[in-house]
Every structure is written in structure tokens, then in C-alpha cells.
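Engineer: My questions all concern the structure below.
2 protein chains.
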Amino acid sequence: MQAALELVASEANFSAISLRRIARQAGVVPTAFYRHFEDLDALGLTLIEDTFRSLRQILSDASLSALPLKGLVRYSVELFAHYVRDNRLLFQFVVKERFSGTVAMREAIHNEILLVTNALAADLARFDEFSHISQDDLRTISDLVVNTVITLSERILDVDPDNAEDDALMLRAEKQLRLIFMGVGRWESRPADTDTTA
Amino acid sequence: MQAALELVASEANFSAISLRRIARQAGVVPTAFYRHFEDLDALGLTLIEDTFRSLRQILSDASLSALPLKGLVRYSVELFAHYVRDNRLLFQFVVKERFSGTVAMREAIHNEILLVTNALAADLARFDEFSHISQDDLRTISDLVVNTVITLSERILDVDPDNAEDDALMLRAEKQLRLIFMGVGRWESRPADTDTTA
DNA sequence: CATGAAAGTGAACACGTGTACACTTTAGAG
DNA sequence: CTCTAAAGTGTACACGTGTTCACTTTCATG
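Protein chains in written order, with this note's numbering: chain C, 374 to 571; chain A, 374 to 571.
Printed below as a string of C-alpha cells:
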């Protein structure tokens, strides 16, 4: 698995590297691969599963919903960015395969992200500031937040590890999230369907 | 080029298909490929270039900045969604290669998106509603908007063409964009650095 | 109608690929 | 110490790959 991650990080993507190269990188003969996985696909799916199992762990450990809303944005962004940096190869793999992987892999990633989005919606629902928001709108908002965070991690992974440019990226994401939450204050979940601003 | 697009749409991604397969799909012998492109890379870059040339055309033709801000969101979303559907294969290619392509391809796509973001920032600057926003913040906002629209197109491409599920996707993106613009109303570009909402 | 460039052809090359099979080594539990 | 399952090995096969080269066909232009 480590060998696969290293190769994917140094090449275009997963489908561009072969079973034989992975085996070579792992210091093992090609046929030994089959002792561990049925398929390259199976390897990929395992990597995805591992990534998100670990991410879910982090997110539930942080128990964001127990914190005060004030300052939550900055804290969350930092937590997440830190975690992405610490698991660079794993996330790089997921980002690359999200749209270019096998159907099975794409679906797995998609479903995992959906889970995170739903969890966020449930967390947000606990705050008074969101009490006027319908369940449906909560998920729409969570979706926007999650997408913004995903974009942040894609960018962190794009700059090289010791560039220190990350701070600018985090600041931007933070601003964007704050902007979103500002909108929430004016949002009405069952408004007359007329535009309020645009 | 058409052959390559068709294959990429039916397979995982560009690096997973070979010169020989593209030639076969085009009804031509492998060596004939070299009469048109030096490289597979060159083909990919050309496809990207074409996609964005055409997209820029559409966006400038629409001259969004000449329209009233009210209703702009819905109109833009519809325009864009329509265009994505009409150029399904092309966009599918770009979405897949955005993170999993060659360095050259990834950079090309990244730069093109940056151009669109900057153009949007310039357009927004013309509206009175954004007069209190600093240039820097305008780009941050445009970035968020562009990312939201990109996410919309990724989703449109993920459901099959005649599913009619698109309306729900567009509605969600529309809501998210309106939420963002609501936030803009309360945004202060040089505030005391204290959080206003979170 | 001639001509020259653009497009397409077919054979050949050296090499990388996934997987099958029978075999050997490793290492931990009884 | 023994034995068994897991991990690793080496050989072999049929096939797909990018690229080369000299050759033929197509076809618009003068």
C-alpha cells in the first residue's frame, strides 16, 4: 500500500501505474501482490477506505459541536489542514482518484464525502444560530462548506510540502467560510421565492 | 480528438488509454497519429485549450456584467449548466484531468480557471453592491463562486445525460450562490479582525 | 492536369504488461 | 521442536505498448 501511494504521488494517477511497478517499489516479486489483494482495484478501494476511516476518527475526536461557534472556523480549518499535511500521500491519492478512478472507487469516495457532509449538517443543527434553517437548507450549506474545505486540501496538496504558502491558502478558505456563515444570518429557509440580494 | 474524448469518457482517464486505442477508435492506423500530434501530451493540451477557448467565448458573449444583478444567479447557472451539457465529453475530460493529468495539463487547467476567476472579479467590481469590497476580497469571493460552479458541473457530468436530475443540482448551486451573495451584504473588507458570526 | 504537401499505411523492433503455476521460505502457535 | 498457513519466488505465456522507417494514397492548389 505504501509503495502504491508513493508511486501515485510521483506519477499522474493510479491507473497509470502497473501491478509490476508497485511490486518492484515494494521490493517484492510481482506475483507476491496476489497474496495481499485480488486486484489493483481492491488495493485502491482499501486505500480509500483507510483514508476516510482515519478522517472520520479525527473529526469525531475533535467533537466540533461541543465547541463554541465563535472561533470554530479557524480551529476547524487548522485542524483539517494539519491533518491533510500529515497524510499527504493518502489524500493525494483520493484527490486524484475522485474523478479519474474506477467507478467503484469514485462511488466509494463520493459516499464517504456524503457521510461527512451529513455529519456536518447534524453538528450545525445543534447551534442556535442555525435554528431558523430547514433541514434541507442545512445540508445545502454543509455541502458548500465541505466543498470549500475540499478545495482547500486540494490546494495544500498542490504546493510542495515545505513551502509555507499554506497560510495564505488557509486564510482564504477561512474568509470564504466566514462569508458563508454571514449569509446564514440573513438566510430565510422558507422565504417568498424572491431574491434578497441577487 | 473526438476519438480520444470518447475513450476517456468510457474509461477511467486519459493516461489509461493508449495511442493505439485512440487511433483504432479514430479508424486509423497507429502511426497516423503522429501526423497530427507529436505526443499524447500534445493531444491532451490541445483538448484543454479548446475547451477553455470555447468557454471564454460563451462567457464573454453573455456579457454578464451588463445585466442587472437581480436574477443574475439563476441566469448564470442555467447558462453554464446548459453549456456543460452541450459539451459533455470535453468537460468530462477536463474534470478528470484537473487533478490526475500530466503536470503540464494540470497547470494549463489551473491557469485557465484562474483567468475565469479574475474575469469574474472584474465583472463583480462593476456592481454597486460590491463597492465596499476590497480588490483582494473580491477575488476571494469570486474564487468561492467559481469553485461552486465547478462543483455543479462535476455533478452534472456524473449523472447520466437524460436523467433530468439536473434541476435539483442546479437549484442547490443556485441556493449556495445566493447564500454567498447574502454574506457579501454584511461583509466588511477591513473589519476589526474579530469574528462577526463564527 | 500536374505537383507537392498532408494524411494514411504496414512491417518491424524491443519492451512492459497481467496472470497461471509449482515451488521455497518465513514465522508464529501448539 | 514441529507443523501449518502466510508470504515470497521464478518461469512462462500471450498480448499490448510507443516509435522507427520507407512506402502509398488523397486531394487541394497553381
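Ideal Cβ placement from N, Cα and C applies to all residues, glycine included. All values derive from a computational prediction rather than experimental measurement.
Tell me, to the nearest whole angstrom, how far the beta carbon of leucine 463(A) is from that of leucine 420(A); I am working on the premise that it is less than 8 Å.
Structural biologist: Taking the second sequence and counting its residues from 1, one reaches residue 463(A) at position 90. Taking the second sequence and counting its residues from 1, one reaches residue 420(A) at position 47. Yes, leucine 463(A) and leucine 420(A) are in contact; Cβ-Cβ is about 7 Å, under 8 Å.
Engineer: Ignore the nearest five residues each way along the sequence and tell me which others in phenylalanine 500(A)'s own chain have a CB closer than 7 Å to its CB.
Structural biologist: Looking up residue 500(A) in the second sequence gives position 127. Cβ within range, chain order: Leu442.
Engineer: Answer yes if the segment 445-460 of chain C comes into contact with the segment 409-418 of chain C, meaning at least three C-beta pairs across the two stretches below 8 Å, and no otherwise.
Structural biologist: no
Engineer: Exposed or buried, which one is asparagine 386(A) when buried takes at least 16 other CB atoms within 10 Å?
Structural biologist: If you number the second sequence from 1, residue 386(A) lands on position 13. The residue is buried, with at least 16 neighbouring Cβ atoms inside 10 Å.
Engineer: So is glutamine 508(C) in contact with chain A if we call contact Cβ pairs under 8 Å?
Structural biologist: Numbered from 1 along the first sequence, position 135 holds the residue referred to as residue 508(C). Chain A, which has no Cβ nearer than 8 Å to the Cβ of glutamine 508(C), makes this no.
Engineer: Do the segment 531-550 of chain A and the segment 476-486 of chain A meet, that is, are 3 or more Cβ pairs less than 8 Å apart?
Structural biologist: no
Engineer: Give me the chain A residues within the contact set of isoleucine 514(C), using Cβ-Cβ distance strictly less than 9 Å, ordered along the chain.
Structural biologist: Here residue 514(C) refers to the residue found at position 141 of the first sequence. Result: Lys548, Gln549 and Leu552.
Engineer: Secondary structure at serine 391(C), three-state DSSP: helix, strand or coil?
Structural biologist: Looking up residue 391(C) in the first sequence gives position 18. In the structure shown, serine 391(C) sits in coil (DSSP, three-state: anything other than H, G, I, E or B).
Engineer: Going along chain C, which residues have a C-beta under 7 Å from serine 562(A)?
Structural biologist: Translated into the one-based positions of the second sequence, residue 562(A) becomes position 189. Against chain C, the beta carbon of serine 562(A) has no neighbour under 7 Å; the closest one sits roughly 10 Å away.
Engineer: Could you spell out the range, first to last residue, of the alpha helix (DSSP H) harbouring tyrosine 407(C)?
Structural biologist: Locating residue 407(C) in the first sequence gives position 34, counting from the first residue. Segment: none, tyrosine 407(C) is in no alpha helix (DSSP H) and carries neither H nor E.
Engineer: Do you know offhand how far glutamine 430(C)'s Cα is from phenylalanine 554(A)'s?
Structural biologist: Position 57 of the first sequence holds residue 430(C). Position 181 of the second sequence holds residue 554(A). Each residue's Cα considered, the two are about 34 Å apart.
Engineer: Quick one: which unbroken alpha helix (DSSP H) runs of 4-plus residues sit fully inside the segment 508-535 of chain A? Chain order, please.
Structural biologist: 508-531
Engineer: When you compare each of Gly474(A), Asp459(A) and Ile523(A) to glutamine 465(C) by their alpha carbons, which one comes out closest?
Structural biologist: Here residue 465(C) is taken as the residue at index 92 of the first sequence, counted from 1. Nearest of Gly474(A), Asp459(A) and Ile523(A) to glutamine 465(C), Cα basis: Gly474(A).
Engineer: Is it the case that the segment 537-555 of chain C contacts the segment 389-401 of chain A, given that we only count it when at least three CB pairs across the two stretches are under 8 Å?
Structural biologist: no
Engineer: Tell me the rounded alpha-carbon separation between arginine 471(C) and isoleucine 523(C).
Structural biologist: In the first sequence, residue 471(C) corresponds to position 98, counting from 1. In the first sequence, residue 523(C) corresponds to position 150, counting from 1. About 11 Å.
Engineer: With a threshold of 16 other CB atoms inside 10 Å of the CB of serine 526(A), please say whether the residue is buried or exposed.
Structural biologist: Here the question's residue 526(A) lines up with position 153 in the second sequence. Burial of serine 526(A) is indicated by the presence of at least 16 other C-beta atoms within 10 angstroms of its C-beta.
Engineer: Flag this pair as yes or no: are the beta carbons of glycine 556(C) and glycine 444(A) separated by less than 8 Å?
Structural biologist: For this step, residue 556(C) is matched to residue 183 along the first sequence. For this step, residue 444(A) is matched to residue 71 along the second sequence. No, these two residues do not count as a Cβ contact at 8 Å.
Engineer: How is phenylalanine 472(A) classed by DSSP in three states: helix, strand or coil?
Structural biologist: The residue labelled residue 472(A) in the question sits at position 99 within the second sequence. Phenylalanine 472(A): helix per DSSP, three-state reduction.
Engineer: What residue from Ala541(C), His505(C), Ser436(C) and Arg447(C) has the CA that sits closest to leucine 493(C)'s CA?
Structural biologist: One-based indexing of the first sequence puts residue 493(C) at position 120. Of the candidates Ala541(C), His505(C), Ser436(C) and Arg447(C), the one whose C-alpha sits nearest the C-alpha of leucine 493(C) is Ser436(C).
Engineer: Which two residues bound the contiguous alpha helix (DSSP H) that contains glutamate 422(C)?
Structural biologist: The residue labelled residue 422(C) in the question sits at position 49 within the first sequence. Note, glutamate 422(C): alpha helix (DSSP H), 413-435.
Engineer: Using a C-beta to C-beta distance shorter than 8 Å, which residues of chain C count as neighbours of threonine 475(A)?
Structural biologist: Locating residue 475(A) in the second sequence gives position 102, counting from the first residue. Ala385, listed in chain order.
Engineer: Closer than 8 Å, CB to CB, is asparagine 536(A) near chain C or not?
Structural biologist: Here residue 536(A) refers to the residue found at position 163 when the second sequence is read from its first residue. No, no contact with chain C.
Engineer: Could you tell me the alpha carbon to alpha carbon distance between alanine 495(C) and aspartate 509(C), rounded to whole angstroms?
Structural biologist: Your numbering for residue 495(C) matches position 122 in the first sequence. Your numbering for residue 509(C) matches position 136 in the first sequence. Looking at the two C-alpha atoms, the distance is approximately 11 Å.
Engineer: For a contact meaning CB atoms closer than 9 Å, what does serine 388(C) contact in chain A?
Structural biologist: By 1-based counting over the first sequence, the position of residue 388(C) is 15. Going along chain A in sequence order, the residues near serine 388(C) (Cβ under 9 Å) are Glu384, Ala385, Asn386, Ser388, Ala389 and Ser473.
Engineer: Please state whether DSSP places leucine 380(A) in a helix, a strand or coil.
Structural biologist: By one-based count along the second sequence, residue 380(A) stands at place 7. Leucine 380(A): helix per DSSP, three-state reduction.
Engineer: What residues from chain C crowd round valine 468(A), counting only those whose CB sits closer than 8 Å?
Structural biologist: Counting from 1 along the second sequence, the entry for residue 468(A) is found at position 95. By Cβ distance, chain C contributes Phe472.
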